[in-house]
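Notes follow once the structure below has been shown.
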Amino acid sequence: MIKKLLGFLVGVLLALALAATLLATLAWHALAPQPGEWATALHIGPFERQASVPTLLRWATHPLALPALDGRRIAGWRLKAEGAHRLVAHCAPCRVQLAALGPQPLLIDEARLSVEVRGADRYEGTLRLGAGERPASIAWRAELEREGLAVQAELPPTPLARVLSAFAASLPELQRAQIEGSVALRLEGSVGAEGWRVTKLRPTLADVSVTGLGTEALRDVDVAQRCRPQPAGGRIEGWIQNAVIAAEDQRFFEHPGYELEAWVTVFKANQREGEPLQGASTITQQLAKLLYTGDERDAARKLREWLYAAEMERTLGKGRILQLYLALLPWGDGICGAEAAARHHLGKSASQLKPREAAWLASLLINPDQQLRRWSSDEAAARERAAWVLKGIRRLPRERREAELDALVSWRPPVGRAAH
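Quick note: the sequence shown uses my numbering, first residue 6, plus one each step.
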């Protein structure tokens, strides 16, 4: 009797093992992605295979699977199952790595992402950014497709200070700045094999005001001391002002120190990994970089730069901002400031420059030392950029502009390294 019972139990166990093996094999094969489907590498013990991400997502959000995810950690996020159809992921702090934000990860003090199933391959939830009782809350919804998740998200008008507080660890200025105004955001994008891609981005800022950063001290300070040795000068006048605006910030007198549309354009362009990062900094933002933030290529530095720019527009005004900018700009060969650059490269004061000379000098600013070398290796391209700046100089009469463009064809910088 005992032998028969043991034999029966062994048979049952073997049958269960066989069934489990069969189910595991079927599941393993069910994960195989279809041609063109979003896939990722899946590791189970010593085995690895390409797995369908849509299938994994459907399994992970199934009511039977959610309890198994409760309490687990994935890539720094702790998961929590809430009911049969809701999964919450929490991290504190969080590091967000996006090509569009630069090579350094963006540090967020705390984030909470909720995911709820809303029908076949449809999901929605919220992304809450920041600690405390009133974090910034972004509502999102997504639909699962073969190539990835199609996502729509919206941040309703929210106090700007509340949103920025989520990045307090990277923004030391928040300890003393008073920030007014609101921000809203709508975006559309996708998450797939190539990562996160934003296709539509509509930010809105309203009633922005920044105080408390102390930029009013720049009204009278002689910042040119940072560029010693510096020729005696004072106010920088002449065509060099308009030439620099044409080269660096053609809407300088129209914007409040920043341009949202330019940010959106550059953000989309910077999503392509491996491509050189573009900037979109206004003259005011560049001045903030020169005086306060340095030139690290990351999102936190851009936010800090923006805070200073917003305040400087109020405390200094356009005229003072432009004069400070002209006094501090690096101009190649170790030269700093427009007056020193004009004397070094062209042998005359900045106020005495002809429009074509001012345009040439301003054309160097994109990368002064590199542009100076181009006059030896690729003069045609360097001359083309100078002509582009000359065409953009405002308040230059048409007849004189045409005469200056004609003269630029055969003109060469007479002094400095560019002449060699």
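Note that beta-carbon positions come from the ideal geometry of N, C-alpha and C, so glycine has one too.
The structure presented is a predicted model; accordingly, all values stated were derived computationally and were not measured.
Secondary structure at Thr270: helix, using DSSP grouped into helix, strand and coil. Contact check for Gly186 against Leu165 passes: the beta carbons are separated by less than 7 Å. Unbroken alpha helix (DSSP H) runs of no fewer than 4 residues, entirely contained in the stretch 342-401, are found at 343-351, 360-368, 373-382, 384-397, following chain order. Judged by their CB atoms, Ala412 and Ile245 are not nearer to each other than the 7 Å cut-off. Assigned with DSSP and collapsed to three states, Glu407 falls in helix.
Ranked by how close their Cα comes to the Cα of Arg151, the residues Leu410, Val196, Arg406 have Val196 in first place.
Across the set Leu308, Asp303, Ala274, Thr320, the C-alpha of Leu308 shows the shortest separation from the C-alpha of Gln290. Following the DSSP letters along the chain, one finds Trp82 inside the beta strand (DSSP E) bounded by residues 82-87. With respect to the C-alpha of Asn275, the residue from Leu103, Val58, Ala65 having the closest C-alpha is Leu103.
With contacts defined by Cβ atoms closer than 7 Å, Val120 and Gly130 form a contacting pair. In the DSSP assignment, Ala144 is bridged to Thr131, Glu159. Within the same chain, and ignoring the five residues on either side of Trp311 in sequence, the residues whose Cβ sits closer than 7 Å to its Cβ are Tyr263, Gln290. Ser187 is bridged by DSSP to Pro164, Ala211. About 4 Å separates the beta carbon of Ala343 from that of Leu331, a gap short enough to meet the 8 Å contact definition. Taking a contact to require three or more Cβ pairs closer than 8 Å, the stretch 144-163 and the stretch 172-184 do not qualify as touching. Nearest to Leu154 by alpha-carbon distance, out of Pro140, Pro72, Ile113, Gly200, is Gly200.
When only Cα atoms are considered, Ala391 and Trp365 end up about 5 Å apart.
Contact between the stretch 217-224 and the stretch 315-324 is established, with three or more Cβ pairs separated by less than 8 Å.
In chain order, Leu192, Gly194 place their CB closer than 6 Å to the CB of Val203, counting only its own chain and leaving out the 5 sequence neighbours on each side. Residue environment analysis places Phe258 among the exposed positions, since fewer than 16 neighbouring C-beta atoms fall within 10 angstroms of its C-beta. Inter-segment contact for the stretch 83-99 and the stretch 284-304 is absent: fewer than three beta-carbon pairs are separated by less than 8 Å. Rounded to the nearest angstrom, the gap between the Cα atoms of Ile398 and Ala171 is 42 Å. Of all alpha-carbon atoms in Ala198, Ala189, Leu369, the one lying nearest the alpha-carbon of Arg167 is that of Ala189.
Burial state of His67 is exposed, judged by a 10 Å Cβ sphere holding fewer than 16 other Cβ atoms. Looking from the CA of Lys359, the closest CA among Leu401, Ala387, Leu84 belongs to Leu401.
In this structure Asn372 is exposed. Its beta-carbon is surrounded by fewer than 16 other beta-carbon atoms within 10 angstroms.
In this structure, Ala86 is the residue among Gly81, Leu62, Ala86 with its C-alpha nearest to the C-alpha of Ala73. Looking at the DSSP output, Ser195 sits in a beta bridge with Ala155, Arg202. Trp393 sits away from Ala387, with the two beta carbons spaced by 7 Å or more. Restricting attention to Ala267, Val226, Val269, the CA atom closest to the CA of Leu296 is found in Val226.
Our two residues, Gln255 and Leu265, have alpha carbons roughly 15 Å apart in a direct line. Annotation: Asp212 to Ser286 spans about 21 Å, alpha carbon to alpha carbon. For Ala355, the CB contacts under 7 Å within the same chain, skipping 5 residues up- and downstream, are Ile241, Gly243, Ile245, Ala343, Glu344, Ala347 in chain order. Secondary structure of Ser415 (DSSP, three-state): coil.
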